[in-house]
Structure formats: C-alpha cells, structure tokens
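Engineer: Quick mapping for you: the protein sequence lines, in order, are chains P and F.
Residue numbering for the first sequence follows this note's numbering, starting at 7 and increasing by one per position.
Residue numbering for the second sequence follows this note's numbering, starting at 2 and increasing by one per position.
Where a beta carbon is used, it is the ideal one built from N, C-alpha and C, also for glycine.
Quick caveat, the model's predicted, so the values are computed rather than measured.
Here it is, the structure, as structure tokens.
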Amino acid sequence: MEHSSDRRQFLKLLMGLGAGFTFTGRLPLYNQTPVTPDLAVAEGTSPAPTTRAALETMGGMARYISRGDIVLLKPNMSWDRVPEQAANTNPEVMRTLVELCYQAGAKKVKVFDNSINDARRCYVRSGIMEAVKEAGADVYYVDERKFRTTNLGGEVLKQWSVYTEALEVDKVVNVPIAKHHNLCRLTIGLKNWIGLLGGNRGKLHQRIHQCIADLAGFFKPNLVVLDAVRILLRNGPQGGSLNDVKVLNMIAVGTDQVAIDSFAASLFGLQGSEVGYIKLAHERGLGSMELSGLEIKRVRL
Amino acid sequence: MRNFRRISQIVFLLLFLWLLIQTEYHGKDIISYPVKVFLDFDPLILFSSLLAAHGIPPAFPLAMFWGLVLVGMTLLLGRFFCGWVCPLGTIHHFIGWLKKRKLPLKKKMERGKYRPSQRWKYLILIGLLVASVFTVQVVGLLDPLSLFIRSLALSINPAINYLTRAVFNFLYFTDIRMITTVSEPVYSFLKAHYLSFKQPFFQQSVFLGLIFLLIVGLNFYRHRYWCRHLCPLGALLGVLSRYTPLRLEVSKECTQCMVCVAACEGGAEPHSTDSWRSTECVLCWNCVKSCPKGAISFALPARRKKGAPYVDVGRRRLITSAVAGLAAVPLLRVGREYKGFNPQLIRPPGALAEEEFLRRCVRCGECMKVCLTNAIQPTLLQAGLEGLWTPMLMMKMGYCEYYCTLCGQVCPTGAIQKLPLEEKQKVHIGTAFIDKSRCIPYTLATNCIVCEEHCPTPKKAIWFEEIEVVNHEGERVVVKQPRVDPQLCIGCGVCEYKCPVVDKPAIYVTSIGESRSPDNQLII
C-alpha cells in the first residue's frame with residue numbers, strides 16, 4: 007500500500023512539473039546533469055567555448071542564476087594592461103558569462119571593479135568594458151558616494167568601506183584570473199574581493215592573509231569562474247612582460263571559493279595550504295582546499 | 002555683419018570651451034580632437050618661441066606655423082581675431098556689455114573713447130619680445146589664450162566641477178526618491194559630457210582664479226580693459242593692422258553725434274575717417290550699426306590717406322620697455338631657488354632639458370588639464386620665478402601613468418615632446434628613494450610590498466631583500482625590505498602615490514636621474 011501511494015505521488019509530481027515547465031518554458035530538470043561535480047574544469051582552444059563547456063559541466067548557468075536576477079559579474083580589472091599580459095580577467099570569458107547569465111534569465115548583469123590604475127584605462131585596455139557592453143551588461147565606474155563603512159565581522163577587518171552596490175545584487179559571480187602575487191604568492195578569487203573595497207587598501211597588506219580570509223567570510227559568491235586562459239607566473243599582480251605569461255586555455259567553475267583557489271594554486275605547482283589565506287579560509291571552514299576530497303570533472307574540447 | 006560677428010564669437014567661444022572639455026582621456030590613447038588648435042594659430046607664441054630659440058628650434062611642432070595664417074589675415078583685415086574669434090575677448094565683450102548697457106549715452110561715450118594708456122599693451126609686447134630675444138620666454142603669462150586656458154583648466158573648471166558634485170551629492174544623500182530619480186540622470190549626463198572624470202585639484206587654483214576674476218572685473222572699470230590696455234597678442238595684431246587695406250570710412254552724412262564712439266569695442270575713434278585707428282579697431286561693426294545716418298562703412302580705398310593715426314608709444318617709453326625686458330633676464334636668472342637641481346622639479350615625460358624647456362613652455366596648462374591622474378601641477382617658485390606656472394609632477398597628487406602619452410600630445414610648443422609610447426616608457430623623469438625610517442617593513446617588521454606591486458616596468462625597479470629581523474614581540478621574522486634599482490626606475494611615482502604611509506610616503510621620487518638632464522644623474 008505504501009508503495010503504490012508513493013508511486014502515485016511521484017507520478018503526480020512528474021505531471022505537475024511537466025505542466026509547469028511546459029507553461030513557463032523553462033528547461034526541464036531531467037535534461038540537466040543530475041549530479042554536479044564540486045569543480046568543473048574545461049580546457050579548449052578559445053575562451054568562449056571553453057567557458058560554456060565548463061558551465062555546462064557544472065549543470066548550466068540556470069542552476070545558479072534565476073529568472074529576474076540582478077547579477078554582479080566581478081572580474082579582476084585592476085590594471086592598465088591588455089589581455090595578452092594576463093593581469094586582468096579575460097574579456098571573452100566575461101562576454102560569454104554575460105551571455106550565459108542573460109540566457110539563464112537574468113534581468114540585469116552588472117560589471118564593475120574598483121581598479122588600481124586609472125579606471126578609464128583599466129576598463130578600456132582590459133577589453134572588458136567593450137566585450138560585456140556588447141553582450142548587454144551594465145558596465146560602469148565605481149561611484150565614490152556608494153562606498154559605505156560596513157561591518158565585515160572579520161578577525162582583522164572588523165569594519166571597512168565596501169561598495170554597496172555589490173551587496174544589493176541578487177547573485178554574485180566572482181570571475182578572477184589566476185596570477186602570481188609577490189606578497190600573497192598568488193591572487194585568485196578570494197583576493198579578488200579587494201576590488202569591492204574602498205579606502206586605503208594598501209594598508210591591508212600588513213596582514214594580508216587574515217584580511218583576505220576575513221573577506222572570504224563576508225563575500226559569498228553564488229558561483230566562481232576561474233579564468234586560467236592565461237596565467238601570470240611572475241612579476242604579479244600586474245606583470246607586463248609576455249615572458250611571464252603562460253597560456254593554459256582553461257576555465258574552472260565551482261561554488262566553493264576556497265576549492266577554486268586551491269585548484270588554481272595547483273596550476274602554479276603549489277598546494278592550497280602553501281598560500282596563507284587559502285589555508286586560513288580552509289581552517290575557518292569557509293570551504294575546502296583539499297582537492298583530493300573533491301569531485302573534479304574535466305572536459306577537453 | 003554685426004550679427005555675423007556675434008554668431009562667430011559664440012561659435013568660437015563654444016568651440017574653445019568644448020575643446021577644453023575634450024582635453025581629457027576618453028578611452029582612447031590618442032586625443033581625438035585638435036584640442037590645442039587655438040594655441041596653434043597664436044602668432045605671439047610662434048614669434049616669441051622663434052625669438053627665444055634664435056631660429057626654428059629642433060622638433061618644433063609644425064602646427065605652430067598656423068600662426069602665420071593669422072598674421073596674413075590680420076595684415077589684410079586688421080584685428081578681426083580680437084573682435085570675432087578670441088574667446089577671452091568674447092568674455093570681455095560680454096562682461097563689458099553687462100556694465101555698459103544700462104549706462105547713459107554720455108557715460109558710454111566716455112567708456113568708448115580712445116585713451117593714451119592703450120599704448121601700454123605695446124610696451125608690454127615689446128618688453129616680452131625683448132626678453133624672448135634674450136632667452137627669457139614668459140609670454141605665456143600674458144598671452145590671452147594661454148591665460149584663458151590656464152585659468153579655466155586650473156581654477157574655474159575645477160571649481161564648477163566641485164560645485165556640481167557638491168550639489169548632486171547633496172541631492173543624492175537626501176535619499177528622497179522624488180529628488181534622486183530626477184537628479185541622478187542629470188548627474189550621469191553631466192558626468193558623461195561635461196564633468197572631469199575625477200575632481201581635479203590644483204595647488205594654485207585660488208590664486209589663478211583671482212587673477213582671472215580681476216582681469217574680467219576690469220571691464221567694469223573700463224570697457225574691454227584687457228584687450229585695449231594689456232593684451233600682448235592684441236598689441237601684436239594691432240601692429241600688423243597698421244597698414245591694413247580694409248579701412249573705415251565716414252561719409253559726409255556724419256553729424257558728429259559720437260554715438261559710434263559709445264558703441265566702439267576697441268577705443269578706435271571711429272567718428273571720422275581721419276581719426277580711426279586701425280591698430281585699435283577689432284572690426285566689431287558696432288559703429289556701422291549704431292550710426293543713425295548710416296555714414297560709417299568699411300571699404301578698400303584705392304589710395305590710403307597719409308598720416309592716419311597710430312599708437313605712438315613714444316621713443317622713451319619704447320626704450321624703457323625694451324630695457325625692462327632686458328633687465329628682467331638677469332633679475333629672473335639670479336633669483337633662483339636652487340643653484341644645482343631642485344629635487345621637487347619633476348617635469349613631465351618628454352620635457353626638454355630645463356633651459357630649452359623654459360624657452361618653450363607657454364604655461365597654457367593643457368598638460369595639467371589632460372593629465373590622467375592630476376599629477377601635473379603648476380609650479381610656483383620651484384623652477385624660479387622665470388618658470389612660474391610651468392608643469393611639474395607632484396606624486397602626492399597623482400603619478401605618471403605608464404601607458405599614457407597625453408601630456409606630450411597636447412603641448413602646443415613641443416616643450417613636452419610628443420613621444421611614441423615605447424619611447425615615453427623609457428623616459429626617466431626622476432628616481433624613487435626609500436625612507437627607511439618610515440617604510441613599513443623596515444620600521445614595523447611586517448611585509449607590505451605595495452610599492453613593488455604597483456611598479457609598472459616589466460622588470461620591476463623595486464626589488465626585495467629578505468632580511469631576518471626582530472619584531473616588537475621579540476620574534477625573529479623574515480621580511481621583504483624594498484630596494485630601488487635606479488637603473489630601472491623611471492620615476493613615475495606610482496609607488497609614492499600608493500604608499501600606505503599616507504601622510505608622508507616612505508618612498509618618494511626626486512628629479513635626479515631624469516633623462517632630459519645629462520648632469521642631474523646618480524649613476525655614471
């Protein structure tokens with residue numbers, strides 16, 4: 007008896023879902039990968055299809071972005087450098103993500119970064135402004151008035167000036183590039199949050215690992231897309247010489263921001279535990295740096 | 002014709018202001034518009050530059066020779082530039098009109114008539130040109146276009162920017178939807194089309210602004226005071242207008258009512274053919290329009306009358322003025338602040354060697370307006386009085402952006418050479434030094450690396466020595482202590498600008514090592 011009742015309920019549910027999807031026109035669930043990996047890594051020859059493949063492997067953008075969402079895509083757009091120099095997030099990756107967000111039903115995609123060099127030059131020379139504009143994103147310079155001192159609840163960073171718009175969106179997708187950093191060893195996703203801070207950010211450097219771990223406890227991305235199309239091996243974080251750039255044509259996607267950073271560290275031949283803030287974030291339970299315990303699904307185009 | 006003149010004045014003023022607003026980075030490495038075109042057509046700058054260089058100086062921008070076009074046109078037409086084109090003249094015209102329009106006719110006549118003191122401008126011109134011959138080129142201090150650009154760019158425009166931002170910030174922070182839904186789009190529009198990207202700050206804004214207001218305010222005292230009495234460009238064009246074939250003629254209909262004198266912009270005595278002074282006339286056409294009998298006209302007479310009045314500056318005054326120009330040379334040269342090199346005097350990348358630079362720079366302020374980071378500031382006495390208001394970089398205000406070449410692009414005279422990016426990136430404008438008594442790794446025994454992180458050269462000029470030190474808790478720790486490689490350092494100053502020791506940075510740039518000087522060098 008119990009069994010038949012279960013079956014009946016199940017059938018009802020199926021019918022209901024089917025009707026629902028038919029009317030709303032959304033992708034039926036059963037077309038998606040039923041179980042998503044912890045990390046999807048795609049390698050290809052050009053950034054756009056690689057990004058798409060990585061997202062697909064993670065279950066598709068619609069899994070993370072809902073219809074009507076206002077989405078912040080947070081690149082690393084700090085430097086007056088061109089994409090080939092691998093100091094900023096790849097513009098084609100950004101463009102593809104904007105397209106995917108809109109396809110998933112996002113109402114608006116915003117792109118901004120509190121850059122280090124002159125914002126106008128960073129936005130233009132990174133190629134990001136043009137690329138995401140073409141894809142329909144709202145890209146704008148940060149407005150000084152919209153920084154507010156915010157309680158971060160960190161161990162070192164109790165309070166700091168944060169860009170309020172970053173806190174007012176529905177979904178946040180962190181899109182860092184993986185680079186060498188002379189102080190932190192590496193800058194990837196966790197450190198990318200510094201781009202949403204105002205104030206005298208140079209001061210953070212004195213206790214950089216604690217500060218970044220504090221930020222990782224405060225900013226919770228809905229998705230992290232790691233741009234490893236080109237990575238910067240030396241003279242980071244701004245590089246400049248093409249000799250310091252290594253082309254990997256790789257995109258990694260995940261929801262655990264510590265795992266993504268740890269994975270990125272492996273691209274440099276490092277363990278997550280060798281990077282101070284990754285280790286700290288792991289110890290604070292903000293994510294896992296143990297790659298061996300994660301299901302990493304790789305695709306090659 | 003008078004209406005054509007008004008339209009011309011408005012068009013040129015708007016063009017001038019629009020070009021000034023465009024003198025900013027708008028997403029392209031090369032400035033899209035000919036923002037310095039007014040200065041290109043300025044023969045006063047051309048002549049004084051040639052005089053100061055005793056010939057055509059090397060790498061002199063060809064565009065400066067547009068000034069000859071204005072010379073040619075002035076020889077034919079007279080001082081039409083002053084009445085029809087000069088944007089500063091238009092401002093004077095307008096302010097003067099504000100004062101004049103309500104006055105009774107008698108007062109207007111008083112304001113319109115010629116005064117012997119109008120000869121001052123010729124004396125100023127002579128003094129400036131004589132000084133130029135003896136290599137002191139300070140014509141930019143009084144050249145009307147330089148003066149106007151400098152005043153607007155360094156004072157008036159920043160002030161309007163500040164006010165606009167203050168108003169819209171106030172409205173924004175009221176947080177009342179009804180207000181912000183209107184004010185924010187307006188603010189966005191202004192930000193996109195008028196306001197500077199960031200609020201500009203200049204050290205002598207107040208000073209420069211007051212000088213400008215004084216010059217404009219003189220119109221309340223006498224009509225077009227600046228144009229009639231002081232302007233050296235007006236004087237030069239006046240001299241060129243001496244024999245202009247286009248002459249004013251008054252017919253027999255004239256009743257000597259003197260209404261034309263009341264309307265005259267230049268104090269050119271248009272009330273009779275014989276009294277009219279071509280050197281003062283700005284061809285405003287007011288006299289023609291105002292004459293109740295229609296007796297005044299401009300014509301090309303076949304034979305010019307002899308003995309037409311001109312400004313007789315007087316032999317003694319002329320000599321005095323020339324001597325003053327000459328005397329200024331040693332006076333300015335001996336009154337310098339530094340015998341050797343001023344560590345603070347960091348010139349923009351591509352600037353010529355100091356002597357040559359001072360002979361070229363016309364203090365127009367274009368480079369300061371266009372500077373991406375607001376680093377370029379006007380000097381006060383850092384380059385001596387001779388170098389007043391010439392550009393220098395202050396790394397606490399901004400820094401030299403590695404991929405930017407804008408200042409060289411907008412410099413009208415080539416005082417800052419227009420360099421291709423690859424060459425500009427090799428120019429050393431100074432050298433950075435570390436103040437170990439303030440630098441964080443040296444004093445707090447903790448890492449910082451901010452200077453190294455920002456250092457833009459592909460092979461970084463800042464490197465680290467890893468040193469084991471004892472921190473305040475008595476622990477032995479290894480810290481990265483920054484060091485500067487003076488061979489790699491280009492002196493861009495981003496390290497000083499970004500140093501977390503914010504009040505007095507622990508790394509700072511001084512002028513030594515600057516490429517433009519063979520002597521101000523650290524390394525053999």
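#1: Taking buried to mean at least 16 other C-beta atoms within 10 Å of its own C-beta, is Glu140 of chain P buried or exposed?
#2: Give, in chain order, every residue of the region 424-444 of chain F whose Cβ lies closer than 9 Å to some Cβ of chain P.
#3: Any idea what DSSP makes of Lys4 of chain P, helix, strand or coil?
#4: Any beta carbon of chain P sitting closer than 8 Å to that of Ile525 of chain F?
#5: So, Thr170 of chain P versus Gly242 of chain P, is the Cβ gap smaller than 8 Å?
#6: So for Tyr498 of chain F, helix, strand or coil by DSSP?
#7: For a contact meaning CB atoms closer than 7 Å, what does Leu295 of chain F contact in chain P?
#8: What residue does the alpha helix (DSSP H) around Thr56 of chain P start on, and which one ends it?
#9: Would you kindly report the start and end of the unbroken beta strand (DSSP E) that includes Thr527 of chain F?
#10: Any C-beta of chain P sitting closer than 8 Å to the C-beta of Leu407 of chain F?
#11: If His186 of chain P and Leu239 of chain P are in contact, beta carbons under 8 Å, what's the gap, nearest whole angstrom?
#12: Let me make sure I understand the geometry here. Which of F:Val168, F:Phe198, F:Met398, F:Trp67 has the alpha-carbon closest to that of Ser184 of chain F?
#13: Less than 8 Å between CB atoms is the rule here; does Leu489 of chain F satisfy it with respect to chain P?
#14: Relative to the C-alpha of Leu202 of chain P, which residue among P:Glu174, P:Asn188, P:Tyr108 is closest?
#15: Find the nearest neighbour of Leu52 of chain F within the set F:Ala433, F:Arg361, F:Gly399, F:Asn448, judged by alpha-carbon distance.
#16: Classify Gly514 of chain F as helix, strand or coil using the three-state DSSP reduction.
#17: Figure out for me which residue from F:Leu382, F:Ala376, F:Leu523, F:Ser279 has the closest Cα to the Cα of Gly79 of chain F.
#18: So which residues of chain F does Ser247 of chain P contact, with C-beta pairs closer than 8 Å?
#19: Let me know the secondary structure DSSP gives Thr175 of chain F once reduced to three states.
#20: Pair every Cβ in the region 79-88 of chain P with every Cβ in the region 159-168 of chain F, then say whether three or more of these pairs are closer than 8 Å.
#21: If the cut is a Cβ gap below 9 Å, which residues of chain P does Glu453 of chain F touch?
#22: For a contact meaning CB atoms closer than 8 Å, what does Pro243 of chain P contact in chain F?
#23: How do the region 201-213 of chain F and the region 368-381 of chain F stand: do at least 3 beta-carbon pairs fall below 8 Å, yes or no?
#24: Could you give the DSSP three-state label for Asn343 of chain F: helix, strand or coil?
#25: Can you give me the Cβ contacts of Glu161 of chain P inside the same chain, cut-off strictly under 7 Å, excluding the 5 residues immediately before and after it?
#26: How many Å lie between Phe342 of chain F and Leu333 of chain F at the Cα?
#27: Please check if any C-beta of chain P sits within less than 8 Å of the C-beta of Thr175 of chain F.
#28: Assign Ser273 of chain F to one of three DSSP states: helix, strand, or coil.
#29: Please report the Cβ distance between Gly431 of chain F and Glu515 of chain F, rounded to the nearest whole angstrom; I am assuming they are in contact, meaning their Cβ atoms lie under 8 Å.
#30: Can you pull the chain P residues whose beta carbon is under 8 Å from the beta carbon of Phe202 of chain F, in chain order?
#31: Quick check on DSSP: helix, strand or coil for Glu466 of chain F?
#32: Would you mind telling me which residues of chain F sit closer than 8 Å to Gly208 of chain P, beta carbon to beta carbon, in chain order?
#33: How would you label Ile266 of chain P, buried or exposed, when you count the other beta carbons within 10 angstroms and need 16 or more for buried?
#34: Strictly below 9 Å CB to CB, what residues from chain P border Arg198 of chain F?
#35: What separation, rounded to the nearest whole angstrom, lies between the Cα atoms of Leu219 of chain F and Arg225 of chain F?
#36: From the DSSP output, in three-state form, read off Ala433 of chain F for me.
Structural biologist: The structure says:
#1: Along the first sequence, one-based indexing puts residue 140 of chain P at 134. Classification for Glu140 of chain P: exposed.
#2: Flagged, chain order: Ile441.
#3: Residue 4 of chain P is absent from the model: chain P starts at 7 and stops at 307.
#4: Here the question's residue 525 of chain F lines up with position 524 in the second sequence. Residue contact with chain P for Ile525 of chain F: absent (no Cβ-Cβ distance below 8 Å to any residue of chain P).
#5: Locating residue 170 of chain P in the first sequence gives position 164, where the first residue counts as 1. Locating residue 242 of chain P in the first sequence gives position 236, where the first residue counts as 1. Going by C-beta atoms, Thr170 of chain P is not nearer than 8 Å to Gly242 of chain P.
#6: Against the second sequence, residue 498 of chain F aligns to sequence position 497. It is helical.
#7: Counting from 1 along the second sequence, the entry for residue 295 of chain F is found at position 294. Note that residue 295 of chain F is Gly in the sequence shown here, rather than Leu. Neighbours of Gly295 of chain F on chain P: none; closest Cβ ~57 Å, over 7 Å.
#8: Within the first sequence, residue 56 of chain P is the residue found at index 50, counting from 1. 53-63 is the extent of the alpha helix (DSSP H) around Thr56 of chain P.
#9: Lying outside 2 to 525, the shown extent of chain F, residue 527 of chain F is not represented and no answer is given.
#10: Counted from its first residue, the second sequence places residue 407 of chain F at position 406. With 8 Å as the cut-off, Leu407 of chain F does not count as an interface residue toward chain P.
#11: As a working mapping, residue 186 of chain P is identified with position 180 in the first sequence. As a working mapping, residue 239 of chain P is identified with position 233 in the first sequence. About 6 Å; that satisfies the 8 Å criterion.
#12: Within the second sequence, numbered from 1, the residue matching residue 184 of chain F stands at position 183. Checked all of F:Val168, F:Phe198, F:Met398, F:Trp67; the closest Cα to Ser184 of chain F is F:Val168.
#13: Counted from its first residue, the second sequence places residue 489 of chain F at position 488. Residue contact with chain P for Leu489 of chain F: absent (no Cβ-Cβ distance below 8 Å to any residue of chain P).
#14: Here residue 202 of chain P refers to the residue found at position 196 when the first sequence is read from its first residue. Ranking P:Glu174, P:Asn188, P:Tyr108 by Cα distance to Leu202 of chain P puts P:Glu174 first.
#15: The residue you call residue 52 of chain F lines up with position 51 of the second sequence. Nearest C-alpha to Leu52 of chain F among F:Ala433, F:Arg361, F:Gly399, F:Asn448: F:Arg361.
#16: Sequence index remark: in the second sequence, residue 514 of chain F carries index 513 (1-based). In the three-state reduction of the DSSP assignment, Gly514 of chain F falls in the coil class, being assigned neither a helical nor a strand state.
#17: Here residue 79 of chain F corresponds to residue number 78 of the second sequence, with the count starting at 1. If we check each option's Cα against that of Gly79 of chain F, F:Ser279 comes out closest.
#18: Here the question's residue 247 of chain P lines up with position 241 in the first sequence. Residues of chain F passing the Cβ test: Pro459, Lys460.
#19: Counting from one through the second sequence, the residue named residue 175 of chain F turns up at place 174. Helix, per DSSP.
#20: Output reads no: the region 159-168 of chain F does not touch the region 79-88 of chain P.
#21: What you label residue 453 of chain F is simply residue 452 of the second sequence in a count that begins at 1. Here the neighbours are Asn188, Leu189.
#22: Mapped onto the first sequence, residue 243 of chain P falls at position 237. Listed along chain F are Glu454, each with a C-beta nearer than 8 Å to that of Pro243 of chain P.
#23: Inter-segment contact for the region 201-213 of chain F and the region 368-381 of chain F is present: three or more beta-carbon pairs are separated by less than 8 Å.
#24: Translated into positions along the second sequence, residue 343 of chain F becomes position 342. Here Asn343 of chain F sits in coil by DSSP.
#25: The sequence position of residue 161 of chain P within the first sequence is 155, counting from 1. Beyond the five residues adjoining it in sequence on each side, Glu161 of chain P comes within less than 7 Å, by CB distance, of Gln216, Asp220 in the same chain, given in chain order.
#26: Here residue 342 of chain F is taken as the residue at index 341 of the second sequence, counted from 1. Here residue 333 of chain F is taken as the residue at index 332 of the second sequence, counted from 1. When rounded, the distance between both Cα atoms is 16 Å.
#27: Position 174 of the second sequence holds residue 175 of chain F. Cβ-Cβ to chain P under 8 Å: no for Thr175 of chain F.
#28: One-based indexing of the second sequence puts residue 273 of chain F at position 272. For Ser273 of chain F, the three-state secondary structure derived from DSSP is coil.
#29: Reading the second sequence from its first residue, position 430 is the one you call residue 431 of chain F. Reading the second sequence from its first residue, position 514 is the one you call residue 515 of chain F. 6 Å between Cβ atoms; contact.
#30: One-based indexing of the second sequence puts residue 202 of chain F at position 201. The contact set of Phe202 of chain F on chain P, defined by CB atoms closer than 8 Å, is empty, because the minimum CB distance reaches about 14 Å.
#31: Against the second sequence, residue 466 of chain F aligns to sequence position 465. For Glu466 of chain F, the three-state secondary structure derived from DSSP is strand.
#32: Taking the first sequence and counting its residues from 1, one reaches residue 208 of chain P at position 202. Under the 8 Å cutoff, chain F gives Cys449, Val451, Lys499, Cys500, Pro501.
#33: Start at 1 with the first residue of the first sequence, and residue 266 of chain P comes out as number 260. By the neighbour-count rule (16 or more Cβ atoms within 10 Å), Ile266 of chain P is buried.
#34: Counting from 1 along the second sequence, the entry for residue 198 of chain F is found at position 197. It is Phe, not Arg, that sits at residue 198 of chain F in the sequence shown. Taking the beta carbon of Phe198 of chain F as reference, the chain P residues within 9 Å of it are Asp124, Ala125, Arg126, Tyr147, listed in sequence order.
#35: Residue numbering aside, residue 219 of chain F sits at position 218 when the second sequence is read from its first letter. Residue numbering aside, residue 225 of chain F sits at position 224 when the second sequence is read from its first letter. A direct Cα-Cα distance of roughly 8 Å separates Leu219 of chain F from Arg225 of chain F.
#36: By one-based count along the second sequence, residue 433 of chain F stands at place 432. Of the three classes helix, strand and coil, the one that applies to Ala433 of chain F here is strand, per DSSP.
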